[in-house]
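Structure first, then comments.
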Amino acid sequence: MDRKFFKIIQELFQKEWFLLLLLIIVKTSFQVILLISGYRWLSADDYCRTVISFEWIQNPKIYSGVWLPFHFWLNGFLMIFIKDLFTAATILNFIFSLLSLVYFFRLVKICFNLNTAFISSLIFSLFPFQVWLSISGLPESPFFFFIIAGIYYFIIWKKSGYVRTYLLLSSLSFAFSNGFRYEGWLFSLVFLLFVVYEVYKNKSSSEIKVEIGYNSLLIAFISFTSIIFWLILNFIDYKDPFYFIKETARIYEDYNNTKFMQRLFQYPIFIFYIAPLTTFFATKEIFMIFREKNNRLLKYFLYFNIFQLLFLILQGVLGTGGTNMISRYIVINSILFIPLAVRQLLKFRDWLAYSLLIAILTVNLVWSLYYPVPYREDTFETSSFIRQEIKKDIIQNDEKIYFEIIEGFYDIYPIQTFSNKPDIFLTDDLSKIKKTTESRNKKKDGKEDLNILDIKSYFEKNKVNLALVKSDNYKEKLKLLGINYDEIGDYKIFRLKENKRALSDSAISQFAKNVISLDKNPNLINYNRLFAIKDLRIDNTNFTVNPQTISIILGSVNPEIIDSLDYDNFGFERYSILLELRTIEEDSLVYSEQKKIFSEKNIEDLINFNEVKMIIVLKPFATLYYTSALKKSPFESGVYNISLKLFDKKINDYLPLYRGDKMIVETDTAEMSDSLTILRNNSLLPLLIHKINRADSITMQYDLGKYVALFPDTKFESLIENRGRDVIQLLSKNGIQVFFSQRYQGDQFLNWVFTNF
Numbered sequence: 012m013d014r015k016f017f018k019i020i021q022e023l024f025q026k027e028w029f030l031l032l033l034l035i036i037v038k039t040s041f042q043v044i045l046l047i048s049g050y051r052w053l054s055a056d057d058y059c060r061t062v063i064s065f066e067w068i069q070n071p072k073i074y075s076g077v078w079l080p081f082h083f084w085l086n087g088f089l090m091i092f093i094k095d096l097f098t099a100a101t102i103l104n105f106i107f108s109l110l111s112l113v114y115f116f117r118l119v120k121i122c123f124n125l126n127t128a129f130i131s132s133l134i135f136s137l138f139p140f141q142v143w144l145s146i147s148g149l150p151e152s153p154f155f156f157f158i159i160a161g162i163y164y165f166i167i168w169k170k171s172g173y174v175r176t177y178l179l180l181s182s183l184s185f186a187f188s189n190g191f192r193y194e195g196w197l198f199s200l201v202f203l204l205f206v207v208y209e210v211y212k213n214k215s216s217s218e219i220k221v222e223i224g225y226n227s228l229l230i231a232f233i234s235f236t237s238i239i240f241w242l243i244l245n246f247i248d249y250k251d252p253f254y255f256i257k258e259t260a261r262i263y264e265d266y267n268n269t270k271f272m273q274r275l276f277q278y279p280i281f282i283f284y285i286a287p288l289t290t291f292f293a294t295k296e297i298f299m300i301f302r303e304k305n306n307r308l309l310k311y312f313l314y315f316n317i318f319q320l321l322f323l324i325l326q327g328v329l330g331t332g333g334t335n336m337i338s339r340y341i342v343i344n345s346i347l348f349i350p351l352a353v354r355q356l357l358k359f360r361d362w363l364a365y366s367l368l369i370a371i372l373t374v375n376l377v378w379s380l381y382y383p384v385p386y387r388e389d390t391f392e393t394s395s396f397i398r399q400e401i402k403k404d405i406i407q408n409d410e411k412i413y414f415e416i417i418e419g420f421y422d423i424y425p426i427q428t429f430s431n432k433p434d435i436f437l438t439d440d441l442s443k444i445k446k447t448t449e450s451r452n453k454k455k456d457g458k459e460d461l462n463i464l465d466i467k468s469y470f471e472k473n474k475v476n477l478a479l480v481k482s483d484n485y486k487e488k489l490k491l492l493g494i495n496y497d498e499i500g501d502y503k504i505f506r507l508k509e510n511k512r513a514l515s516d517s518a519i520s521q522f523a524k525n526v527i528s529l530d531k532n533p534n535l536i537n538y539n540r541l542f543a544i545k546d547l548r549i550d551n552t553n554f555t556v557n558p559q560t561i562s563i564i565l566g567s568v569n570p571e572i573i574d575s576l577d578y579d580n581f582g583f584e585r586y587s588i589l590l591e592l593r594t595i596e597e598d599s600l601v602y603s604e605q606k607k608i609f610s611e612k613n614i615e616d617l618i619n620f621n622e623v624k625m626i627i628v629l630k631p632f633a634t635l636y637y638t639s640a641l642k643k644s645p646f647e648s649g650v651y652n653i654s655l656k657l658f659d660k661k662i663n664d665y666l667p668l669y670r671g672d673k674m675i676v677e678t679d680t681a682e683m684s685d686s687l688t689i690l691r692n693n694s695l696l697p698l699l700i701h702k703i704n705r706a707d708s709i710t711m712q713y714d715l716g717k718y719v720a721l722f723p724d725t726k727f728e729s730l731i732e733n734r735g736r737d738v739i740q741l742l743s744k745n746g747i748q749v750f751f752s753q754r755y756q757g758d759q760f761l762n763w764v765f766t767n768f
């Protein structure tokens, strides 16, 4: 029975359909796991493209510009049937990624063998950049599909004895790829050169072959029709067929002053950066295949990749040479090197070959889990809040949401995307709206100040229900109108329309039952037997370096907490949370951020779920990711302790820290690790605090651990001399992960290496 069973399994692993089914299951399962874990795309481009796709389907028209149009058209078409914009864009990429897997498997099987095809496709399924892009809002997945399909049909055309149907399919595939990414244009050029070579090689043969050859040239030229289409569109719209090139160069003009050596070697280095193991093992095979006299199909497979890469390098040398976000440009090249690496590995002894393959798969799998985070947590939380407001019909069909645009930030796009109604957002500059009063106040710098009546008139005229602002100027003006607001990180959400948010008696009764019992949770950390810390998340995107946000979920351990607000005297201002950064040696304060705990939204969440979510933005660090305005460090680079306190305005003091029902004093403290990572969904936190020297021995702060601050003007010699041990200790715990933590962080790091060395 066992022999028969193993024989069936062995036979199944020799069947293409079974291997493909297995690969599809692995790829699908892994990508679903990433989405469930919190993966929310890669960059601002994902969300911007999604919003543009929505706008296009609302008003379909053909136009040119910097970004190629095919992705918007496909996205927009899918949005007709799938109204959730994030889901629609993700599904589009997911479908094309599965099609890419199928064609990649078949392509490698033809050029290599079944075993190499399966192993290569398995690596392909777990390759981090492919995994991230396959469930993103970017055009890479359709692009990968059409490139791989184009190469596949060319190889079939060659293998079948020049059957025109396959060449036509190849040409059409490359033509479609040209509408997604400009790198496809170089593949089309390589494709045309290969067809020309085949025609030249057969020109002295029989008339039939010559006829096939010349027809092949005409068919191959179809791949350039989409390029010609784009050039004509640019000429019609801008009177310049190369407008998109000039505009792209203008946008990235800061990257055009790079040195020759950087332009020459940046693309090969980036291939090693995003796929170090497979690229390393593929290198020897590249030279071996060049030396082989037979196997023309395998040579063409390699030449497509190598020639396109050479053209890309040439383009970099002659054109834009910067490293801004180019890790996306060469993902397809890295993918096409995978089968070469597998071919090399399978030449080793079995134990070594499969050990290395397991290592490659493990590295890819783990790296994929360290996916990039395109926006701060407060941006995503605000997106979720707006989405819920729309779902609850609090924002009516004819009403709008005002969003304050701040230069250098592109955070409106995810909020528009998750709202599923990008067209209800207004982004006018309030300082430039038509004035309704006789005169305007002038600021000291001579600029016009915002007039309250003008703002009110603008909101009423445009039926604005909610206003999302971030600047203190807008915040103070709107507060003068007596408008209630909620605060999520840096976002202030003003409710311009009175909405019915009455809480039912049953909800209030249920709240008393949901209050956390200290008797049942004797180790629960809480402040003054009022607020318990239920969950705590520290932005660890850069592995202890420059954390941008800290998210805290507080829960009540006292059913009288709402009555304790003393609303008549303090409103929502009584309780606030304070975050402090202090030096390790002197315990001196260098930065603090304070936020009120309660608002209308938070009161509602507390009663319904016994949860109040607070997001604190560490502005000195957050600013570094969005703007170059921070010219001077607000404090020295180094290692700092981060801690949390709760302040009670009524007693004008901080609330003491408790473990369960007992106050924590100096003799009842415990040390915590230097680098804290708390990811406990809906669970209670254990006691993790530092000792604090106070005369009364009462502990007031909850210590979050040590973090590294690094600013652009950091003097590294001084930093290493004074605090090098602490910095190295923290960074060594995370090692090389620091450079892989963001998709573009490696780009920036390598750009720094190119520039300085």
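To convert, take the position in the sequence shown, counting from 1, and add 11; that gives our numbering.
Cβ atoms here follow ideal geometry from the backbone N, Cα and C, with glycine treated the same way.
Roughly how many angstroms lie between the CA atoms of residue i and residue j, to the nearest whole one?
i: K606; j: S237; result: 54 angstroms
i: F436; j: K411; result: 6 angstroms
i: Q277; j: L288; result: 18 angstroms
i: K402; j: Q427; result: 14 angstroms
i: Y173; j: V207; result: 13 angstroms
i: Q273; j: L323; result: 13 angstroms
i: L244; j: F235; result: 14 angstroms
i: N306; j: I166; result: 12 angstroms
i: I747; j: Y284; result: For I747, the pLDDT reaches just 49, beneath the cut-off of 50, and the residue's location in the model is therefore unreliable, leaving the point undetermined.
i: L112; j: Q69; result: 33 angstroms
i: I19; j: Q25; result: 10 angstroms
i: I700; j: I423; result: With a pLDDT of 36 at I700, under the threshold of 50, the modelled position of this residue cannot be trusted; read the value that follows with caution. Rounded to whole angstroms, I700 to I423 spans 38 angstroms at the Cα level.
i: F315; j: Y718; result: 47 angstroms
Which same chain residues end up closer than 6 angstroms to residue i when comparing Cβ atoms and leaving out the 5 residues on each side of it in sequence?
i: F81; result: G190, F191
i: F318; result: V201
i: V142; result: S379
Would you give the residue range spanned by the beta strand (DSSP E) that residue i belongs to?
i: T555; result: T555 -> no beta strand (DSSP E), and no H or E assigned at all.
i: S587; result: 586-594
i: K304; result: K304 -> no beta strand (DSSP E), and no H or E assigned at all.
i: S654; result: 649-659
For residue i, collect the residues of the same chain with a Cβ closer than 7 angstroms to its Cβ; drop the 5 residues on either side in sequence, then sort them by chain order.
i: D389; result: I499, G500, D501, Y502, T560, I626, V628
i: F246; result: P252
i: S3; result: Absent from the model: residue 3. The displayed extent of the chain is 12 to 768, so no value can be given.
If you compare alpha carbons, which of the options is closest to residue i?
i: F649; options: S430, D440, F722; result: Per the sequence presented here, residue 649 reads as Gly, with Phe not at that position. Residue F722 is the option with its Cα nearest to G649.
i: V43; options: N569, F414, T101; result: T101
i: I544; options: N557, S562, D550; result: S562
i: I614; options: I595, R593, I572, I588; result: I572
i: I417; options: A160, A370, K481; result: K481
i: F129; options: W168, D434, L372; result: L372
i: K656; options: E604, A633, M674; result: E604
i: L477; options: T393, A231, I527; result: T393
i: P71; options: W84, W78, V62, T61; result: W84
i: Y381; options: D659, R51, I282, F470; result: R51
Per DSSP, residue i is paired with what?
i: D546; result: I564
i: N525; result: Paired residues: none, contrary to the question.
i: E418; result: Paired residue(s): none; E418 is not in a bridge.
i: F632; result: F632 is not bridged to any residue.
i: E498; result: K503
i: F436; result: I412
i: A720; result: G649
Below 8 angstroms CB to CB, which residues in the same chain sit around residue i once its five sequence neighbours on both sides are set aside?
i: L23; result: F29
i: F154; result: S188, F191, R192, E194, G195, I343
i: D616; result: E622, V623, K624
i: R398; result: F429, S430, N431
i: L812; result: Residue 812 lies beyond the range of the chain shown here (12 to 768); nothing can be said about it.
i: K458; result: Confidence at K458 is low in this model, with a pLDDT of 49, below 50, so the placement of that residue should be treated as unreliable; the coordinate-derived value is given next. Excluding residues within five positions, the ones whose Cβ falls inside 8 angstroms are S442.
i: Y225; result: V210
In the DSSP assignment, find the unbroken alpha helix (DSSP H) run with residue i in it and report its ends.
i: E27; result: 27-48
i: M272; result: 271-285
i: T428; result: 423-430
i: G327; result: 307-329
i: I573; result: Neither: I573 is in no alpha helix (DSSP H) and is coded neither H nor E.
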